[in-house]
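Just so you know, we're using my numbering here: the sequence shown kicks off at 1 and counts up by one.
Report on one structure; see the data block that follows.
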Amino acid sequence: MSDASLNPTDLESDAQFGDYFALLKPRVMTLVVFTALVGLLAAPAEIHPFVAFCAILFIAVGGGASGALNMWWDADIDAVMRRTAKRPVPSGRVTGQEALSIGLALSGFSVVFLGLATNWVAAGLLAFTIFFYVVIYTMWLKRWTPQNIVIGGAAGAFPPMIGWAAATGGISVESLLMFSLTFLWTPPHFWALALFMRKDYDNAGVPMLTVTHGRPATRRHVLIYTVLLAALALATGFTSAGGPLYLSVAIVLNVMFLKGAWEIWQRDEHMAETDNYAVEKSFFKLSLLYLFLHFGALLAEAAVDRAGILWAGF
């Protein structure tokens, strides 16, 4: 079990509203909300605007609940990593018990109300996503295997499927493609970060690939997964979820992404240290845009299709 439950900061806290909000990992929640919204709006089903708003709100709350539970359990390793040391729990602004209580309460609230507002397929997917992120990834995989990001990435890939299910009551090939896009994007995104943040993972004892297999192996894995991701992203353009607009965006982005992965693979540690991991940091920043722009293009394709249907009705 994590040492979070033994954290001395459990004794008292002096938290502000912003500290409790930070527990929900708002930056991560932004991606959750956006991909879920794309899944919901791209689905071939009519949904009342208020119901759609409620669906996205409850999905966001569920994502925030996962973040709070993650911070509760990981407080011990967050405290020794520069990137996470200032989070509310390790910094002592919020107690571990508060984070646990908030996470559990928001988990139950989000699942129940998503089910009442939309359907129980979407609610079940949200419940499984929270369970997968907190139990399978945070409590088990993260501290056990260098494949933590590969398998655990599924947790962040579910939101578009939940949004789709909220609108349609089911799962489809299109929602699985959206899942797969995020699933394959996660490893190169996080491994690029790990390349220039390896000392943090060393200090925390997290078996990230850079720690267990070294940076050269990580660079190879970044290239391999980027090739797989590019193949899937481009193939999606030829399915009912894609189209010429999406395909144009995907071609440009994946050429850039493949170029970045190739450059990372060619580098050694001397080159990387000389320029302070400039290529790796640039690839990581591009990866943030990569997913948003792909899902933005999927949303644009859905909007074009709906506009065509409406036009044909006149």
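Where a beta carbon is used, it is the ideal one built from N, C-alpha and C, also for glycine.
Taking the Cβ atom as the reference point for each residue, do Ile-56 and Ala-204 lie within a distance shorter than 8 Å?
-> No, these two residues do not count as a Cβ contact at 8 Å.
Is Ser-91 helix, strand or coil when you go by DSSP?
-> DSSP places Ser-91 in the coil class of the three-state scheme, outside both helix and strand.
Of the residues Ala-235, Thr-186 and Cys-54, the one placed nearest Phe-292, counting alpha carbons only = Of the candidates Ala-235, Thr-186 and Cys-54, the residue whose Cα lies closest to the Cα of Phe-292 is Thr-186.
What distance in whole Å lies between the Cβ atoms of Thr-182 and Gly-156, which are believed to be in contact at a cut-off of 8 Å?
-> 6 Å between Cβ atoms; contact.
Where the alpha helix (DSSP H) through Val-51 begins and ends = Val-51: member of the alpha helix (DSSP H) spanning 49-73, first to last residue.
Alpha carbon to alpha carbon, what distance is there between Arg-27 and Phe-144?
-> It is Trp, not Phe, that sits at residue 144 in the sequence shown. CA-to-CA, the gap between Trp-144 and Arg-27 works out to about 26 Å.
Would you check whether the ligand SAH has a heavy atom nearer than 7 Å to the C-beta of Ala-235?
-> Summarising the ligand content, the structure contains no ligands, and the ligand SAH is consequently not present.
Is Tyr-133 closer than 8 Å to Leu-195 when the C-beta atoms are compared?
-> Inclusion of Leu-195 and Tyr-133 in the CB contact set at 8 Å is not warranted, their separation being larger than that value.
Do you know how far the Cα of Lys-259 is from the Cα of Asp-268?
-> Answer to the nearest angstrom: the Cα atoms are 16 Å apart.
Whole-angstrom distance between Asp-19 and Asp-202, CA atom to CA atom | Their Cα atoms are separated by approximately 27 Å.
Stretch-stretch touch, CB-based, cutoff 8 Å, three pairs: the region 158-169 with the region 107-126 | Inter-segment contact for the region 158-169 and the region 107-126 is present: three or more beta-carbon pairs are separated by less than 8 Å.
Same chain, Cβ closer than 6 Å to Val-80, neighbours up to 5 away in sequence not counted = Counting only residues of its own chain and dropping the five nearest sequence neighbours on each side, Val-80 has a CB closer than 6 Å to the CB of Asn-203 and Ala-204.
Go ahead and label Cys-36 buried or exposed: buried means 16 or more other beta carbons lie within 10 angstroms of its beta carbon, across all protein chains shown.
-> Reading off the sequence, residue 36 comes out as Ala, not Cys. Buried.
With a Cβ-Cβ cutoff of 8 Å, do Phe-158 and Phe-131 count as a contact?
-> No, Cβ-Cβ distance for Phe-158 and Phe-131 is not below 8 Å.
Work out the CA separation of Met-271 and Gly-62 for me, nearest whole Å.
-> Straight-line Cα distance between these residues: approximately 42 Å.
In whole angstroms, what is the alpha-carbon distance linking Gly-92 and Leu-24?
-> Those two C-alpha atoms are separated by around 16 Å.
Between Thr-226 and Ser-110, what straight-line distance do the alpha-carbon atoms span, to the nearest angstrom?
-> Computed Cα separation, rounded: 34 Å.
Count the other CB atoms, across all protein chains shown, that sit within 10 Å of the CB of Ala-52; report buried if there are 16 or more and exposed otherwise.
-> Buried: at least 16 other Cβ atoms inside 10 Å.
If you count every other CB in all the chains shown that lies within 10 Å of the CB of Asp-74, and 16 or more means buried, which is it?
-> Looking at its Cβ environment, which holds 16 or more other Cβ atoms inside 10 Å, Asp-74 is buried.
Which stretch, first to last residue, makes up the alpha helix (DSSP H) that contains Leu-232?
-> Run containing Leu-232: 215-236, per the alpha helix (DSSP H) assignment.
Is the distance from the Cβ of Ala-99 to the Cβ of Ala-127 below 8 Å?
-> Not closer than 8 Å, so no.
Simplified DSSP state of Tyr-137, which is helix, strand or coil = In the structure shown, the three-state DSSP call for Tyr-137 is helix.
May I ask which residues mark the beginning and end of the alpha helix (DSSP H) holding Glu-315?
-> Summary: the structure shown does not reach residue 315, with the chain confined to residues 1 through 314, and so no result is reported for it.
Where does Ser-287 land, buried or exposed, given buried means 16+ other C-beta within 10 angstroms?
-> In summary, Ser-287 is buried, with 16 or more beta-carbon neighbours lying within 10 Å of its beta-carbon over all protein chains present.
Thinking C-beta only, is Ala-42 closer than 8 Å to Ala-302?
-> If you check the CB distance, Ala-302 and Ala-42 come in under 8 Å.
Out of Gly-96, Ala-297 and Ser-282, point me to the one whose CA is closest to Trp-191's CA.
-> Comparing Cα-Cα distances from Trp-191 to each of Gly-96, Ala-297 and Ser-282, the minimum goes to Ser-282.
So, using beta-carbon positions, are Leu-289 and Tyr-246 closer together than 8 Å?
-> Going by C-beta atoms, Leu-289 is not nearer than 8 Å to Tyr-246.
Indicate whether Trp-164 and Leu-223 have their beta-carbon atoms separated by less than 8 Å.
-> For Trp-164 and Leu-223, no; Cβs fall outside 8 Å.
Does the beta-carbon distance from Phe-34 to Leu-114 come in below 8 Å?
-> The answer is no: Cβ separation not under 8 Å.
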